[in-house]
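Step one of this worksheet: look at the structure below.
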Amino acid sequence: MPNTHRPYRIIISGGGTGGHIYPAVAIANQIKAISPKSEILFVGAKGRMEMTRVPEAGYKIVGLWISGLQRRLTLDNLSFPLKVLSSIRASHKIIKEFKPDAVVGVGGYASGPLLYAATAKGIPSLIQEQNSYAGITNKLLAKRVGKVCVAYENMEGFFPAEKLVLTGNPVRQDILDITEKRREALLHFGLTSEKKTILVIGGSLGARTINHSIAGGLAQLAEAGYQLIWQTGKGFYTEAKELEANYTEKGIRVFDFIKRMDLAYAAADIVVSRAGALSISELCLAAKPCILVPSPNVAEDHQTKNAMALVQQHAAILVKDVEAAQKLIPATLQLAQDEQEQKRLSDNIKKMARPNAAAEIVNELVKLIK
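Residue 370 is where the sequence shown ends in the UniProt record's numbering, and the numbering goes up by one at each step.
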């Protein structure tokens, strides 16, 4: 029932990575869907990705002078207390001027000061945690906010049980129905329906281990008769493009970044991916058999924990980053040849999809306002 809501004034805060920004924009879009006259203001961290990505999505953003604590002694760490105080002061000013009905935190540096200031003023607040292992900002804020929306079960170890709502992660709407897009997808990438297609994605910046492993096994994949859609990220693109030149007839396609991820998923028979929370939510909706190679360079090794949530349900295959050079290509070839295993993984991962996450989160937000 769209358009039955009064206009709301909402601040959405957080960012730092695509994994924080995309859910934030999806929540904003859902607020606009139920209440087109609502005013939404984003608050991010100066110099971070959200300062360009959010305006591209059509929303206004203001930046706070804030960064994370480094694990070693740096000048940044010495200025950290100053940044926090400055950001809390700036947040109070933003809240005073904007007068929000409610605030949403999606994790990342900026959400800490903003939600601290908002909850100090008694403004209804909600946080959305994307990972199966909660981030430090969200853990600190949980006691102060009204609701905590999570994407995984068993999050009571991080958050007060009575505040938890299992909603899933909001993802791009165009991934919701890819079954009808296969023909268009193969055409888009210049591939044939005669061969199986493997999609390789390492996150928006690419993934070094995955790239090196695929590069080393390119001849094997091509000889076995498989097509490849390979997103390398910027860093490895030139090298991969040179390799691609030897295999264009074999259906090897290299991209630094794929804009039409809906078509990439639609063309794919199996997927090799990092295990970021958002990637996993998309894979569940796309219902593709996948091999996950968790990044070791993330806080608390949370990508391994994200991946294990699927592996335990027989919904994905895990290859450790340190073993990828030896094991990724054999595991990919084995899965590509095993139709039964593909079907089992696909059926199981589909059960974990939560297509209405954004709507459920906004529903909780509206309840807090009322």
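A virtual CB, placed ideally from N, CA and C, is assigned to each residue, including glycine. Note that the coordinates shown come from a computational prediction; the quantities given were computed from them, not determined experimentally.
**Asked** Between Ser213 and Ala353, which are expected to be in contact by the criterion C-beta below 8 Å, what is the C-beta distance as a whole number of angstroms?
**Response** Not really, about 28 Å apart at Cβ, beyond 8 Å.
**Inter-stretch contact at 8 Å, needing at least 3 Cβ pairs: the region 143-158 / the region 224-235** = no
**Request:** Mind the definition here: the region 243-253 touches the region 272-287 only if three or more C-beta pairs lie below 8 Å; say whether that holds.
**Result:** As far as the Cβ criterion goes, the region 243-253 does not touch the region 272-287, which means the pair count is below three.
**Asked** Around the Cβ of Val104, are there at least 16 other Cβ atoms within 10 angstroms (buried) or fewer (exposed)?
**Response** buried
**Asked** Is Phe255 helix, strand or coil by DSSP?
**Response** strand
**Message:** Suppose contacts are defined by Cβ-Cβ distances below 7 Å. Is Lys195 in contact with Ala222 by that definition?
**Reply:** no
**Request:** Would you mind reading off the limits of the beta strand (DSSP E) that contains Ala45?
**Result:** Counting along the chain, Ala45 sits inside the beta strand (DSSP E) bounded by residues Glu39 to Ala45.
**Request:** Note down the Cα distance separating Pro113 from His314, rounded to an integer number of angstroms.
**Result:** 40 Å
**Asked** Taking the C-alpha atoms as reference points, what is the distance between Ala224 and Val293?
**Response** About 22 Å.
**Item:** Entirely enclosed beta strand (DSSP E) segments - the region 217-250, minimum 3 residues
**Value:** The qualifying runs are 227-231.
**Prompt:** Looking at C-alpha atoms only, which residue of Ala307, Trp65, Lys96 and Ile95 is the closest neighbour of Leu82?
**Reply:** Trp65
**Prompt:** Between Ala307 and Asn211, what straight-line distance do the alpha-carbon atoms span, to the nearest angstrom?
**Reply:** Approximately 19 Å, taken between the alpha carbons.
**Request:** Kindly indicate the opening and closing residues of the beta strand (DSSP E) around Arg9.
**Result:** That run of the beta strand (DSSP E) goes Arg9 to Ser13.
**Proximity winner among Val106, Lys143 and Thr137, relative to Ile127 (alpha-carbon distances)** = Val106
**Prompt:** According to DSSP, is Ser35 helix, strand or coil?
**Reply:** coil
**Item:** 8 Å Cβ shell around Lys84 - same chain, five flanking residues per side excluded
**Value:** Checking the sequence shown, residue 84 turns out to be Val, not Lys. These residues qualify, in order along the chain: Ile66, Gly112 and Pro113.
**Asked** Going by C-alpha distance, which of Ile34, Leu328, Pro7 and Ala264 is nearest Asp174?
**Response** Ranking the options by Cα distance to Asp174, first place goes to Ala264.
**Prompt:** When the Cα of Leu368 is compared with those of Ile136, Val145 and Gly135, which residue comes out closest?
**Reply:** Each of Ile136, Val145 and Gly135 was checked against the Cα of Leu368, and the nearest Cα belongs to Val145.
**Request:** Would you check if there are 3 or more beta carbon pairs closer than 8 Å linking the region 163-182 to the region 21-41?
**Result:** yes
**Which of helix, strand or coil DSSP assigns to Ile198** = strand
**Rounded C-alpha distance that separates Asp300 from Asn356** = Per the sequence shown, the amino acid found at residue 300 is Glu instead of Asp. Their backbone Cα atoms lie some 28 Å apart in a straight line.
**Item:** Delimiting residues of the beta strand (DSSP E) encompassing Leu164
**Value:** Leu164 to Leu166
**Asked** On the three-state DSSP scale, how would you describe Ile291?
**Response** strand
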